[in-house]
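Sequential numbering of the sequence shown, starting at 56, is according to our numbering. Built from N, CA and C at the ideal position, the CB exists for glycine as well.
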Amino acid sequence: MNKLSIKLKWQVLRTRLYLEKIYWKNFRTAAVLLILLVGSLLACYNLWGAENIWYALAAANGNALHFCELNRIDALIKQPSNTWSNLAYIPVGLAIVSLGFADLRQGMERRKCENFLVRYPIFSIIFGFSTLYVGLGSFLYHASLTSYFQKHDQMGMYALVLTILAFSVYRIFPTIKLFGKWRSFHSIGLVLAGIFFVYIFAEWSKININTLFPILIISVFALHIYYEIFIKKSVAFSKYMLGGFACLAMGYIIWMLDRSHVVCSPESWFQGHAVWHILTAASALLVYMYYRTDTAPVPEKLNNKV
56 MNKLSIKLKW QVLRTRLYLE KIYWKNFRTA AVLLILLVGS LLACYNLWGA ENIWYALAAA
116 NGNALHFCEL NRIDALIKQP SNTWSNLAYI PVGLAIVSLG FADLRQGMER RKCENFLVRY
176 PIFSIIFGFS TLYVGLGSFL YHASLTSYFQ KHDQMGMYAL VLTILAFSVY RIFPTIKLFG
236 KWRSFHSIGL VLAGIFFVYI FAEWSKININ TLFPILIISV FALHIYYEIF IKKSVAFSKY
296 MLGGFACLAM GYIIWMLDRS HVVCSPESWF QGHAVWHILT AASALLVYMY YRTDTAPVPE
356 KLNNKV
């Protein structure tokens, strides 16, 4: 592939991702935050790496007892590989949040866009912050192996998949008639997802994540198939969504092999659960890219209410 071909492909991708008016300066704050976060975590590790600062918190249970990696009970970070691998989520989340705020600053120009993700930047912003929540919650969970951070680890996963689920429903039902007027369904969908999130948060101890989370993932996949077959009117970069599902599927297989100790070397830096973190971070990015390249005709009743 020659340089001209690569340049043309990049221009096509840049256009389809709505990056024409997005510049490197839009990511400066994200880059600074990433450097500060990683630097702070490394500094804390150098200062207190040999100390167990989590002793006052209740120990985690469930999956925490089944990961392959050896637990360093008296150390600051109980599972080093499973902890540091969560940093993969951070640049992904920061980049998506930056894109959301860049879209927001462009105002009415974006509100007439045929890509619903770009049209309503709130989806990108929540998607990005949910990805950050996954990374930070899981980092602290695997570092501490405490019940408190186990909850936030799982709630981050729920936040991200519920955001994707809300957007998937919105693509199929972009409008709703309320009080005699047609309105965009995006805010209603996000509110409903938020209510469900609060319910899960309140009932967390009674909900089995190994049951509910796969159900939510399957729901997203089913909605995607329905959209592709019955609704989609343009050629989207579907390979991104397929890549996202492939990363998720591979990650889940590796997660199971690690959890069941079929493939396991407790003291190695190479851990299956760490690979799961990296693959799911890649999955989140690919799914976001798919949604950002998709275009759909905006209903006329929405065009009149931007």
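Is Leu74 helix, strand or coil when you go by DSSP?
As a first step, residue 74 is located in the sequence shown; it is residue number 19 there, counting from the start. In the structure shown, Leu74 sits in coil (DSSP, three-state: anything other than H, G, I, E or B).
CA-CA distance, Glu75 and Val67?
Counting from one through the sequence shown, the residue named residue 75 turns up at place 20. Counting from one through the sequence shown, the residue named residue 67 turns up at place 12. Distance between the alpha carbons of Glu75 and Val67: 10 Å.
Applying the criterion that 16 or more other CB atoms from any shown protein chain within 10 Å of the CB defines a buried residue, is Leu120 buried or exposed?
Reading the sequence shown from its first residue, position 65 is the one you call residue 120. Counting other Cβ atoms within 10 Å of its Cβ, Leu120 stays below 16 and is therefore classed as exposed.
Drop a sphere of 10 angstroms on the beta-carbon of Thr84, count the other beta-carbons inside from all chains shown, and report buried for 16 or more, exposed for fewer.
Translated into the one-based positions of the sequence shown, residue 84 becomes position 29. It counts as exposed.
DSSP three-state assignment for Arg127, whether helix, strand or coil:
Here residue 127 corresponds to residue number 72 of the sequence shown, with the count starting at 1. In this structure, Arg127 counts as coil in the three-state DSSP scheme.
Could you give the uninterrupted runs of the alpha helix (DSSP H) lying entirely in the stretch 86-139, keeping only those of 4 residues or more?
The qualifying runs are 135-139.
Rounded C-beta distance between Ser202 and Asn116? I'm assuming under 8 Å.
Here the question's residue 202 lines up with position 147 in the sequence shown. Here the question's residue 116 lines up with position 61 in the sequence shown. The pair is a contact, with the Cβ atoms about 7 Å apart (cut-off 8 Å).
Pairwise C-alpha distance: Lys232 and Leu89:
For the purposes of this step, residue 89 is taken as the residue at position 34 of the sequence shown. For the purposes of this step, residue 232 is taken as the residue at position 177 of the sequence shown. About 43 Å.
Under the three-state DSSP convention, the category Lys206 falls into:
The residue given as residue 206 occupies position 151 in the sequence shown. Correct three-state label for Lys206: helix.
What are the start and end residues of each continuous beta strand (DSSP E) run of 3 or more residues lying completely inside the stretch 135-186, in chain order?
none
Buried or exposed for Val361, please, with buried defined as at least 16 other CB atoms from any protein chain shown within 10 angstroms of its CB.
As a position in the sequence shown, residue 361 is number 306, starting the count at 1. Here Val361 scores only 45 on pLDDT, less than 50, and its place in the model is too uncertain to base an answer on.
Length of the line joining the Cα atoms of Ile250 and Glu258
For the purposes of this step, residue 250 is identified with residue 195 of the sequence shown, where counting begins at 1. For the purposes of this step, residue 258 is identified with residue 203 of the sequence shown, where counting begins at 1. The alpha-carbon atoms of Ile250 and Glu258 are separated by roughly 12 Å.
N- and C-terminal bounds of the alpha helix (DSSP H) containing Lys236
Residue mapping note: residue 236 aligns to position 181 of the sequence shown, counting from 1. Premise fails: Lys236 lies in the beta strand (DSSP E), 236-239, not in any alpha helix (DSSP H).
Between the alpha carbons of Leu200 and Leu217, how many angstroms are there, rounded?
Within the sequence shown, numbered from 1, the residue matching residue 200 stands at position 145. Within the sequence shown, numbered from 1, the residue matching residue 217 stands at position 162. One C-alpha to the other measures close to 25 Å.
Extract the residue ranges of the alpha helix (DSSP H) inside the stretch 291-318, only unbroken runs of 4 or more that lie entirely within it.
293-314
Quick one: is Pro176 buried, meaning 16 or more other Cβ sit within 10 Å of its Cβ, or exposed?
The residue given as residue 176 occupies position 121 in the sequence shown. Buried: at least 16 other Cβ atoms inside 10 Å.
Compare the Cα-Cα distances from Gly94 to each of Thr350, Arg71, Ala130, Trp139 and report the closest residue.
Within the sequence shown, numbered from 1, the residue matching residue 94 stands at position 39. Nearest of Thr350, Arg71, Ala130, Trp139 to Gly94, Cα basis: Trp139.
Lys287 - partner residues in DSSP beta bridges:
Locating residue 287 in the sequence shown gives position 232, counting from the first residue. The partner list for Lys287 (beta bridge, DSSP) is empty, contrary to what the question assumes.
Quick check on the burial criterion: 16 or more other C-beta atoms within 10 angstroms. Buried or exposed for Arg347?
Numbered from 1 along the sequence shown, position 292 holds the residue referred to as residue 347. The residue in question, Arg347, is buried, as its Cβ has 16 or more Cβ neighbours within 10 Å.
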